[in-house]
DNA sequence: GATTATATGTGCGATTATGCACATAACGGG
DNA sequence: CCCGTTATGTGCATAATCGCACATATAATC
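Chains as they are written, first to last, in my numbering: chain A, 5 to 294; chain B, 5 to 294.
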């Protein structure tokens with residue numbers, strides 16, 4: 005495989021999703037980017053991207069390129085830092101992904117990390133969808149539930165997310181907080197994520213135990229769900245720290261604890277890089293001193 | 005760091021040691037190579053190579069580039085194989101280094117590996133000098149004695165090399181094989197490596213126990229030493245299997261076994277690559293079934 | 001010690017890649 | 001429904017790169 009520069013171009017296209025954005029990031033004209041992609045595809049004899057009027061979507065093959073090129077990009081950046089006498093300073097982008105529930109806990113840690121490493125840019129992707137580490141979409145993923153069995157993933161335990169069933173004060177005033185003897189499910193209304201495939205145990209509990217007619221509000225967006233709880237539509241699962249910040253009241257329907265073990269997941273190809281090692285250490289240290 | 009292609013060029017220069025050889029390997033004119041190096045150095049603001057009339061010698065910085073680029077080259081090759089629908093076939097070069105003593109054992113294994121993976125080229129470097137894995141000079145090193153403490157190296161035990169003190173039949177006819185009671189050191193002549201810094205225990209034994217005047221022949225080249233033993237100049241340490249092939253006779257001066265533990269050493273950056281994993285598995289399997 | 005082989009450097013014409021202007025196509029909003 | 005925005009493509013002039021020929025320097029050889 006010659007043409008490393010073309011691979012680098014393809015990498016940026018895959019990252020941004022459009023030729024134009026990639027061209028701007030690379031500091032070249034967008035026609036150059038198109039021609040690089042065309043040349044690379046011609047050389048390989050296969051399509052790396054699905055041409056779309058709104059941008060370029062990576063094919064399976066294109067995603068493979070993305071992963072390899074991201075590892076290379078990181079190594080090149082690291083190399084440059086070292087060569088420039090800058091010692092082992094970190095630079096470049098770090099992509100982290102997690103569920104929305106833990107974001108208010110993660111963000112301050114990331115802020116401290118940024119302060120310690122001024123040359124890194126942090127991209128924190130909040131999404132319900134599982135990012136595919138094997139395609140280089142993220143350096144570090146914070147995942148809940150059982151970790152996938154992909155042997156290319158390096159998994160280590162992070163901390164336990166403290167979920168709880170919360171509601172607004174107005175809701176509790178009307179429907180009770182469930183603490184009174186035999187707090188029944190039938191007395192309550194629920195707010196739940198609309199995505200039925202989510203593996204999180206508390207959502208599974210709702211789907212299994214709550215009659216559908218009592219799920220009065222659902223959405224695919226976590227922030228919207230919290231807002232629904234705040235508005236008093238029903239009670240729903242919120243992370244404890246976040247619930248306290250928002251002044252929500254806990255509703256205790258069963259003496260069940262909703263701790264969700266979180267894992268830090270990285271792809272093996274990226275796991276050894278100084279950047280990933282640094283952010284992992286930072287995250288784990290921050291979790292220890294809690 | 006832009007200019008991945010220039011890094012690739014520098015990589016080949018560092019590998020071959022000359023601009024001309026790199027140019028031929030890359031399929032470009034040597035002036036192009038020179039200009040790539042010049043541009044890269046200008047961009048980084050430091051010298052990657054020491055210009056010499058006989059070639060380019062990598063500086064410390066140049067060696068760093070070599071290591072990173074080798075990891076990248078391997079990943080690119082692997083990527084191309086996968087993309088071309090070739091599944092996970094291995095291709096490209098694998099560099100292995102070891103002492104001369106184990107070569108006759110390693111070579112058949114490498115031959116089988118080659119047969120199983122037709123697209124790989126094997127470069128087997130026999131050298132007394134320790135190759136510096138951290139500079140990407142080799143994928144796998146087979147080392148004797150205590151492994152270095154470099155945290156960037158992944159070390160795993162390989163097998164025990166069976167050394168023995170051997171001599172030619174003509175030598176034994178004249179000086180005895182040492183098996184008779186109280187075979188004395190003073191009755192024998194020795195052949196020994198001229199390099200005094202070698203850590204191998206049998207060489208250390210010679211240096212500590214044999215009076216210098218009885219070391220009648222020394223050389224820095226292992227093959228030459230064996231030849232000297234074959235010629236009956238003296239007795240010297242030879243690997244048992246090799247000694248048998250050559251029809252040498254064992255000389256037993258002390259009831260000491262000269263087993264030398266060997267280790268497989270790889271650099272962390274390369275250790276996870278399919279190529280290195282494949283060759284390591286092959287070597288370890290071959291060692292198990294002995 | 002002259003010769004040969006093998007290197008590294010450099011000016012110049014040919015080749016190639018790039019940037020620019022412009023064309024085209026889809027989505028979204030008032 | 002039309003128009004603005006944001007995309008992808010495509011000639012064409014220009015700029016950058018490359019290959020070639022040639023100059024130069026050094027180690028090895030006879």
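Virtual Cβ for every residue (Gly too), placed ideally from N, Cα, C.
Remember, predicted model here, so these are calculated numbers, not experimental data.
Short Cβ contact (8 Å threshold) for residue i with residue j
| i | j | result |
| --- | --- | --- |
| residue 101 of chain B | residue 145 of chain B | yes |
| residue 206 of chain B | residue 241 of chain B | yes |
| residue 107 of chain A | residue 130 of chain A | yes |
| residue 236 of chain B | residue 221 of chain B | no |
| residue 124 of chain B | residue 96 of chain B | yes |
| residue 8 of chain A | residue 80 of chain B | yes |
| residue 276 of chain B | residue 273 of chain A | yes |
| residue 243 of chain B | residue 166 of chain B | yes |
| residue 270 of chain A | residue 158 of chain A | yes |
| residue 13 of chain B | residue 41 of chain B | yes |
| residue 78 of chain B | residue 86 of chain B | no |
| residue 188 of chain A | residue 214 of chain A | no |
| residue 121 of chain B | residue 94 of chain B | yes |
| residue 74 of chain A | residue 31 of chain A | no |
| residue 10 of chain B | residue 44 of chain B | yes |
| residue 283 of chain B | residue 98 of chain B | yes |
| residue 88 of chain B | residue 48 of chain A | yes |
| residue 82 of chain B | residue 278 of chain B | yes |
| residue 117 of chain A | residue 286 of chain A | yes |
| residue 160 of chain B | residue 35 of chain B | no |
Residues bridged to residue i [DSSP beta-bridge criterion]
| i | result |
| --- | --- |
| residue 262 of chain B | B:167 |
| residue 268 of chain B | B:146, B:160 |
| residue 194 of chain B | B:219, B:239 |
Neighbourhood of residue i by C-beta distance below 7 Å, restricted to the same chain and skipping five residues each side
| i | result |
| --- | --- |
| residue 104 of chain A | 130, 226, 227 |
| residue 22 of chain B | 59, 60 |
| residue 280 of chain A | 143, 144, 270, 274 |
| residue 33 of chain A | 27 |
| residue 24 of chain B | 34 |
| residue 245 of chain B | 108, 109 |
Residue range of the beta strand (DSSP E) that includes residue i
| i | result |
| --- | --- |
| residue 240 of chain A | 240–243 |
| residue 212 of chain B | Run containing residue 212 of chain B: none in the beta strand (DSSP E); it sits in the alpha helix (DSSP H), 205–213. |
| residue 125 of chain B | 124–130 |
| residue 97 of chain A | 96–102 |
| residue 183 of chain B | Careful: residue 183 of chain B lies outside any beta strand (DSSP E) and carries neither H nor E. |
| residue 17 of chain A | No beta strand (DSSP E) contains residue 17 of chain A, which is instead part of the alpha helix (DSSP H) from 8–20. |
Boundaries of the alpha helix (DSSP H) in which residue i is found, first to last residue
| i | result |
| --- | --- |
| residue 237 of chain B | Where residue 237 of chain B is concerned, there is no enclosing alpha helix (DSSP H), given that its DSSP letter is neither H nor E. |
| residue 107 of chain A | 107–120 |
| residue 23 of chain B | 23–30 |
| residue 311 of chain A | Given a span of 5 to 294 for chain A in the structure shown, any question on residue 311 of chain A remains unanswerable. |
| residue 278 of chain A | 278–292 |
Chain-order list of residues whose beta-carbon lies under 8 Å from that of residue i (same chain, five-residue window excluded)
| i | result |
| --- | --- |
| residue 291 of chain A | 162, 163 |
| residue 234 of chain A | 172, 250, 252 |
| residue 114 of chain B | 100, 126, 128 |
| residue 247 of chain B | 168, 170, 254 |
| residue 210 of chain A | 194, 196, 219, 241 |
| residue 232 of chain A | 195, 221, 223, 238, 240 |
Chain-order list of residues whose beta-carbon lies under 6 Å from that of residue i (same chain, five-residue window excluded)
| i | result |
| --- | --- |
| residue 29 of chain B | 16 |
| residue 18 of chain A | 62, 66, 70 |
| residue 182 of chain A | 255, 256, 257 |
| residue 20 of chain B | 26 |
| residue 174 of chain B | 236 |
| residue 261 of chain A | none |
Counting only runs of 3+ residues fully inside the segment 39–80 of chain B, write out the beta strand (DSSP E) ranges in chain order.
Taken in chain order, the complete beta strand (DSSP E) segments of 3 residues or longer contained in the segment 39–80 of chain B are 53–56, 59–62.
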